[in-house]
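These notes are about the structure you will find just below.
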Amino acid sequence: MTVCQMKSRANPSGSRLQRMFYEVRHANRALGFDEIMMRETLMQGIWDFSYLTDCHAAELHVPIGPWFQSPNAAEEARMKAAGRLLQKSLQAVQSGHEVVLNRLGFRGSELERWMKEIDAELKDDLRKWFLDVRVLWGQRRVDDTSGHIDDRHSIPDELYPLSSVPTTKESRESSPTQNPNSHYRIFTDPKAWYDTSQQRSNQAGRDPLPFVYRRSRSKSCSRPRPPITPTRASTVW
3 MTVCQMKSRA NPSGSRLQRM FYEVRHANRA LGFDEIMMRE TLMQGIWDFS
53 YLTDCHAAEL HVPIGPWFQS PNAAEEARMK AAGRLLQKSL QAVQSGHEVV
103 LNRLGFRGSE LERWMKEIDA ELKDDLRKWF LDVRVLWGQR RVDDTSGHID
153 DRHSIPDELY PLSSVPTTKE SRESSPTQNP NSHYRIFTDP KAWYDTSQQR
203 SNQAGRDPLP FVYRRSRSKS CSRPRPPITP TRASTVW
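The sequence shown begins at 3 in our numbering and counts up one residue at a time.
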């Protein structure tokens with residue numbers, strides 16, 4: 003998700019793109035996708051997976067757009083390239099988001115207004131924002147014979163658009179606010195990762211009622227009803 007608050011009545015200066023991510027996430031639940039399990043796994047990590055060892059989790063901040071600047075010319079070039087690629091990718095996926103919300107009865111004229119706002123945000127070169135990405139990985143245990151993975155197709159470090167993985171404890175634990183050129187944090191301790199995930203959730207504040215639940219007039223977000231073809235479209239701010 004974008005590293006900024008979503009747009010709502012309580013936060014009119016927030017990001018429409020962030021709000022779209024929020025609405026589509028809940029819409030996917032209403033369509034039957036098990037996003038709860040995915041989010042729980044991201045929050046807890048994969049340290050409990052018996053067939054994996056040397057597990058890690060990472061928090062990455064990838065710039066949206068080519069605005070990134072750095073005293074390190076090579077790093078700036080990599081981050082600008084990553085920013086351009088992410089910007090184009092986010093523009094491309096919006097048509098899929100539009101289809102999902104259309105299917106659930108989102109008012110067409112309002113959805114068109116949202117799409118224009120998102121397009122303007124993504125094309126705004128003065129907006130300096132990041133996509134906040136969480137990554138989990140581990141190594142298959144040597145004694146596990148259920149499958150085989152090799153590294154013949156691994157990508158050389160110099161081709162990664164982000165900075166290379168830090169090697170010292172100090173650089174691994176530094177945050178983007180402490181070190182402007184560090185846009186990732188790597189965790190090896192499950193408790194530290196879980197605490198960070200909880201902190202992320204607490205910083206979100208009170209979220210608006212998602213459209214899909216407002217449409218069904220349900221007050222519970224934990225047990226969404228199956229989608230029903232609406233007879234009247236609802237307006238979402």
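Every residue, glycine too, gets a C-beta built ideally from N, C-alpha and C. If you're wondering where the values come from, they're calculated on a predicted model, not measured in any experiment.
Exercise. At a cut-off of 8 Å, is residue 140 close to the ligand MN when judged by its beta-carbon and the heavy atoms of the ligand?
Worked result: Inclusion of the ligand MN in the displayed structure is not the case, the ligand content being empty and no account of it being possible.
For this session: Check the C-beta distance from residue 51 over to residue 140 and give it rounded, since I have them as a contact under 8 Å.
Result: 7 Å
Problem set entry | Any 3 or more C-beta pairs closer than 8 Å across the region 58-67 and the region 117-130 | yes
Exercise. Taking all protein chains shown into account, do 16 or more other C-beta atoms lie within 10 angstroms of the C-beta of residue 19, making it buried, or fewer, making it exposed?
Worked result: buried
For this session: Would you decide whether residue 225 is buried or exposed? Buried here means 16 or more other CB atoms lie within 10 Å of its CB.
Result: Only weak support exists for where residue 225 lies, its pLDDT of 48 falling under 50; the value from the coordinates is given anyway. Under this definition residue 225 is an exposed residue.
Exercise. Using 8 Å as the Cβ pair cut-off and three pairs as the minimum, do the region 31-49 and the region 191-200 touch?
Worked result: yes
Problem set entry | C-beta contact flag for residue 59 and residue 189 at 9 Å | yes
For this session: Identify, in the order they occur along the chain, each residue of the same chain with its Cβ nearer than 7 Å to the Cβ of residue 13, setting aside the five sequence neighbours on each side.
Result: 7
Exercise. For residue 106, which three-state DSSP category applies?
Worked result: coil
Problem set entry | Under 9 Å between C-beta atoms of residue 54 and residue 142 | yes
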